[in-house]
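A.B. asks: Let me begin by handing over the structure; questions about it come next.
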Amino acid sequence: MFSLRDLLDQYNKEQVSILISQFESSKNPDVSRFLKEKSIRFEQSDKSRTYLLVPEENILNENGSINILGYFTLAQKHMQLPQEISKSKRKKYDGINNKATDINCYLIGQLGKNDKYKKVINGKEVLEQAINIIQKCSEYVGGRTILVECENKEPLKKFYTNNNFEYLSTDEVTGLLQYILPLNKTKFVKSDEISNHLQIGC
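Under this note's numbering, the first residue of the sequence shown is numbered 281, with each subsequent residue one higher.
Okay, here's the thing in structure tokens:
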């Protein structure tokens, strides 16, 4: 696994744009568009962090770009809790206060797999890697909830509920469904050293 931040530390913006250019998700074009058009800007402005899942071998293809199996983007979000949820859930999400009206969450803003490698990796594996990173962050700075936002489509709803996320609410502005997951213990998978794999002149 590579972080986009590490790539930008070692190569210039133009080189990184080429490295991440061969990712396609036909089921969710927005995921492809974000990686190619926005991820670098969001990374450099510290709005989010993006991580690329790569094969153990043949990391670069013939076009000089990375063979990206899948990727995810993490950020932070402050959100209001719906008025109708119970006191027990408020305490569950906040950790202390059963009257909490808002919480801070780790947001999985983007998550997808490359069409080219859809038989190599599945969505659950990409999600697990994202949760691993978040768990590591929580060990250092705290935090207890993960948030995802998705369109109102049955496959997406089923995917998140099957992975222990709970429906929380619907965003009144975007119309996206919000699912939340209290943090559980997972193992953190350390990123490989990029320089061991990529031979690109700076």
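We put the CB at the ideal spot given by N, CA and C, even for glycine. Fair warning: this is a prediction, and the values are worked out from it, not measured in the lab.
1. Is DSSP giving Tyr351 helix, strand or coil here?
2. Three-state secondary structure (DSSP) at Pro462?
3. State buried or exposed for Glu405, treating a residue as buried only when at least 16 other CB atoms are found within 10 Å of its CB.
4. I need the straight-line Cα distance from Thr381 to Tyr291, nearest angstrom please.
5. Mind listing, in chain order, the continuous alpha helix (DSSP H) runs of no fewer than 4 residues lying wholly within the stretch 344-389?
6. In terms of alpha-carbon separation, which member of Leu407, Lys433, Pro435 lies closest to Leu461?
7. Over what stretch of residues does the beta strand (DSSP E) that includes Leu333 continue unbroken?
8. Count Cβ pairs between the stretch 361-375 and the stretch 308-318 that sit closer than 8 Å; are there 3 or more?
9. State the start and end residues of the unbroken alpha helix (DSSP H) segment that holds Thr441.
C.D. replies: Let me lay it out:
1. The residue given as residue 351 occupies position 71 in the sequence shown. In this structure, Tyr351 counts as strand in the three-state DSSP scheme.
2. Working through the sequence shown from its first residue, we reach residue 462 at position 182. Reduced to three states, the DSSP call for Pro462 is strand.
3. Working through the sequence shown from its first residue, we reach residue 405 at position 125. Exposed, by the Cβ-count rule.
4. For the purposes of this step, residue 381 is taken as the residue at position 101 of the sequence shown. For the purposes of this step, residue 291 is taken as the residue at position 11 of the sequence shown. Roughly 43 Å separates the two Cα atoms.
5. 367-374
6. The sequence position of residue 461 within the sequence shown is 181, counting from 1. Nearest of Leu407, Lys433, Pro435 to Leu461, Cα basis: Leu407.
7. Working through the sequence shown from its first residue, we reach residue 333 at position 53. Run containing Leu333: 329-333, per the beta strand (DSSP E) assignment.
8. no
9. The count along the sequence shown starts at 1 and reaches residue 441 at position 161. Run containing Thr441: 434-442, per the alpha helix (DSSP H) assignment.
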